[in-house]
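Chemist:
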Amino acid sequence: MSVLEVEHLTKKFGGLVAVDDFSFEVDEGEIVGLIGPNGSGKSTVFNCIMGIYGVTAGSIRFNGTDITDDSTHQVVNKGLSRVSQESNPIDSMSVAGNIKLFTLPNSIVSLRGGASQAEIYDYASRIDIEDDLQEMPDELPHADVRRLEIAKALATEPELMLLDEPFAGMNQAEIGELAAQIERFREEGMTMVVVDHNMGGLMELVDRVVVLNNGDFLASGTPEEIAEDDAVQEAYLAGEGL
Ligand code: ADP
Ligand code: MG
1 MSVLEVEHLT
11 KKFGGLVAVD
21 DFSFEVDEGE
31 IVGLIGPNGS
41 GKSTVFNCIM
51 GIYGVTAGSI
61 RFNGTDITDD
71 STHQVVNKGL
81 SRVSQESNPI
91 DSMSVAGNIK
101 LFTLPNSIVS
111 LRGGASQAEI
121 YDYASRIDIE
131 DDLQEMPDEL
141 PHADVRRLEI
151 AKALATEPEL
161 MLLDEPFAGM
171 NQAEIGELAA
181 QIERFREEGM
191 TMVVVDHNMG
201 GLMELVDRVV
211 VLNNGDFLAS
221 GTPEEIAEDD
231 AVQEAYLAGE
241 GL
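Following UniProt numbering, the numbering of the sequence shown begins with 1 at its first residue and continues without gaps.
1. Does the distance between the C-beta of A219 and the nearest non-hydrogen atom of the ligand ADP fall short of 7 Å?
2. Return yes when the Cβ of E139 is within less than 8 Å of the Cβ of residue 244, no when it is not.
3. Beta-carbon within less than 7 Å of F167's beta-carbon, same chain only, minus the 5 sequence neighbours each way: which residues are those?
4. To the nearest angstrom, how far is it from the Cα of G215 to the Cα of S40?
5. Just how far apart, CA to CA, sit L205 and I182?
6. Over what stretch of residues does the beta strand (DSSP E) that includes L101 continue unbroken?
7. Starting from N47, trace the alpha helix (DSSP H) both ways and give me its first and last residue.
8. Taking 8 Å as the threshold, find out whether the region 54-72 comes into contact with the region 232-240 through three or more Cβ pairs.
9. Kindly give me the distance between the Cβ atoms of A96 and L133, rounded to whole angstroms, as I take these residues to be in contact under 8 Å.
10. Helix, strand or coil: how does DSSP classify F167 here?
11. May I have the straight-line CA-CA distance separating A57 from Q117, to the nearest angstrom?
12. Per DSSP, what are the beta-bridge partners of V32 in this structure?
13. Compute the distance between the beta-carbons of V194 and I31, then report whether it is under 8 Å.
14. For I99 and A143, which I take to be in contact (beta-carbon distance under 8 Å), what is that distance rounded to the nearest angstrom?
15. Would you report the Cα separation of L218 and V232, rounded to the nearest angstrom?
16. Give the C-beta separation of C48 and K11 to the nearest angstrom, bearing in mind that I take them to be a contact with Cβ-Cβ under 8 Å.
17. Considering only heavy atoms of the ligand ADP, does any lie closer than 7 Å to the CB of G29?
18. If you measure from each CB to the nearest heavy atom of the ligand ADP and keep those under 6 Å, what residues do you get, in chain order?
19. Starting from E4 and walking both ways along the beta strand (DSSP E), at which residues does that stretch end?
20. Compare the Cα-Cα distances from V55 to each of I35, N77, H8, S92 and report the closest residue.
21. Mind checking which residues open and close the alpha helix (DSSP H) that includes L154?
22. For the beta strand (DSSP E) that contains S23, what are its first and last residues?
23. Specify the secondary structure class of D70 as computed by DSSP and reduced to three states.
As structure tokens, this is what we get:
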């Protein structure tokens, strides 16, 4: 069954068409990669799904329910969560405080009255930052700050998690470690969409890849098919490569 169905999504910013009649769907338990050169519209697709941006045209369904016009709060409460491309921890609060903040009633995502210490420990341990809970975010290495962002998303107990460039700025060892952690989420029953600007960390991780180019659907297939697709290679020629 499709958990997420994006149909004919178009998003314009004034005269700029950031996403142009783009459709894709995600089945339960899948990890789908969404790739495209920088500026191709990947983050805009996530922002439309999460109710951050209103759509210009098209529809979005989650578990069969139309969420096109839902607020972020409504979308999160239905079981969707997103890890942003940019980390935005509050530097004056500990890692534990940052995770808890995401579960408080007045937060934009708010599920309930705030997670308990045991629950916060559990979210952190699922992404291996439980030893950092009392640290301040600006004392953590980049890879752990990214893990904190993932722990915040886990704290809303999503069924479907959208990860926007989770591997950016990580070295090969960190990419491998994070890919293994994401694989563990799948074993726990989560469905995921992972955005990256190239195939980098996705090759071994995802079941299927969907390629965006200038806001348009370009191709979809297995990671192997996409790595060998001439149209995809062509789209990446001017940039840093597939
Ligand atoms: P990607 O994530 O694939 O790098 P984005 O979705 O961030 O691409 O951007 C797609 C296009 O939409 C770019 O041209 C970008 O400048 C534009 N864009 C994204 N968000 C906004 C916004 N809030 N206002 C105006 N233009 C935007
Ligand atoms: Mg982006």
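Yeah, the Cβ is synthetic: ideal placement off N, Cα and C, and Gly gets one too.
Modeler: This is what the structure holds:
1. The residue given as residue 219 occupies position 219 in the sequence shown. No, the beta carbon of A219 sits no closer than 7 Å to any heavy atom of the ligand ADP.
2. Outside the displayed span of the chain (1 to 242) sits residue 244, for which this structure offers no information.
3. One-based indexing of the sequence shown puts residue 167 at position 167. If we look at F167 and ignore the five residues flanking it on each side, its Cβ neighbours are I175, L178, D196, G200, G201.
4. Translated into positions along the sequence shown, residue 215 becomes position 215. Translated into positions along the sequence shown, residue 40 becomes position 40. Spanning the two alpha carbons is a distance of roughly 5 Å.
5. Here the question's residue 205 lines up with position 205 in the sequence shown. Here the question's residue 182 lines up with position 182 in the sequence shown. Distance between the alpha carbons of L205 and I182: 8 Å.
6. For the purposes of this step, residue 101 is taken as the residue at position 101 of the sequence shown. No beta strand (DSSP E) contains L101, which is instead part of the alpha helix (DSSP H) from 95-101.
7. Here the question's residue 47 lines up with position 47 in the sequence shown. First-last of the alpha helix (DSSP H) with N47: 42-49.
8. no
9. Here residue 96 is taken as the residue at index 96 of the sequence shown, counted from 1. Here residue 133 is taken as the residue at index 133 of the sequence shown, counted from 1. So it is a contact: roughly 4 Å between Cβ atoms.
10. In the sequence shown, the residue the question calls residue 167 occupies position 167. Looking at F167 - three-state DSSP - the assignment turns out to be coil, as it is neither helix nor strand.
11. As a working mapping, residue 57 is identified with position 57 in the sequence shown. As a working mapping, residue 117 is identified with position 117 in the sequence shown. Distance between the alpha carbons of A57 and Q117 is about 43 Å.
12. As a position in the sequence shown, residue 32 is number 32, starting the count at 1. For V32, which the question treats as bridged, DSSP gives the partners V193, R208.
13. For the purposes of this step, residue 194 is taken as residue 194 along the sequence shown, with counting starting at 1. For the purposes of this step, residue 31 is taken as residue 31 along the sequence shown, with counting starting at 1. In contact: V194 and I31 (Cβ atoms closer than 8 Å).
14. The residue given as residue 99 occupies position 99 in the sequence shown. The residue given as residue 143 occupies position 143 in the sequence shown. Not confirmed; about 17 Å, so no contact.
15. Here residue 218 refers to the residue found at position 218 of the sequence shown. Here residue 232 refers to the residue found at position 232 of the sequence shown. Approximately 7 Å, taken between the alpha carbons.
16. Counted from its first residue, the sequence shown places residue 48 at position 48. Counted from its first residue, the sequence shown places residue 11 at position 11. Between K11 and C48 the Cβ distance is about 6 Å, and since that is below 8 Å, they are a contact.
17. Stepping through the sequence shown from its first residue, residue 29 is reached at position 29. No; taking the cut-off as 7 Å, the Cβ of G29 has no heavy atom of the ligand ADP nearer than that.
18. F13, L16, A18, G36, N38, G39, S40, G41, K42, S43, T44
19. Here residue 4 is taken as the residue at index 4 of the sequence shown, counted from 1. Before going on, a small fix: residue 4 reads as Leu here, not Glu. In the DSSP assignment, L4 falls within the unbroken beta strand (DSSP E) covering 2-13.
20. As a first step, residue 55 must be located in the sequence shown, where it is residue number 55. Ranking I35, N77, H8, S92 by Cα distance to V55 puts H8 first.
21. Counted from its first residue, the sequence shown places residue 154 at position 154. 142-154 is the span of the alpha helix (DSSP H), which, as asked, contains L154.
22. Start at 1 with the first residue of the sequence shown, and residue 23 comes out as number 23. Its beta strand (DSSP E) spans residues 16-27.
23. By one-based count along the sequence shown, residue 70 stands at place 70. Looking at D70 - three-state DSSP - the assignment turns out to be coil, as it is neither helix nor strand.
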